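Take the sequence shown: its letters are residues 1 to 76, numbered as in UniProt numbering. C-beta: ideal position from N, C-alpha, C; glycine also. Note that this is a predicted model, so its numbers are computed, not measured.
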Amino acid sequence: MGGVPSYSIHKNICYLQSSKNHVNLGFYQGAQLEDTYNLLGGTGTQLRHIRVKKLEDIDEYLMQSYIKKAIILDQS
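What follows is the structure, encoded as structure tokens:
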């Protein structure tokens, strides 16, 4: 995904994408992630994202949970 910070180990795992009113924490294999807390948006074949509109909306535990799931998926 051009122009956005991306993070990878074996394959691309996640990315940050900013817009005027929010930031997306996106997952390249997001469609395969278990969405335990019903936070993932998107309808594409693979990409999913968590939209953050305000800093106080960030729940560090939940974000870490999704990132860890994405890393485990990458390593499987």
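Inter-residue CB distance, residue i and residue j (contact presumed, cutoff 8 Å)
i   : j   : result
I71 : I13 : 6 Å
H22 : K53 : 5 Å
L73 : Q32 : 6 Å
Element boundaries [beta strand (DSSP E), containing residue i]
i   : result
L55 : Per DSSP, L55 belongs to no beta strand (DSSP E) and is neither H nor E.
Chain-order list of residues whose beta-carbon lies under 8 Å from that of residue i (same chain, five-residue window excluded)
i   : result
G30 : L40, G42, Q46, L47, R48, H49 and A70
S65 : T36 and Y37
Please give the ranges of any beta strand (DSSP E) in the UniProt domain "YdhG-like" (3-71), keeping only runs that are unbroken, at least 3 residues long and fully inside the region.
Runs of beta strand (DSSP E) with 3 or more residues, each lying fully within the UniProt domain "YdhG-like" (3-71), are found at 6-8, 12-18, 23-27 and 48-52, listed in chain order.
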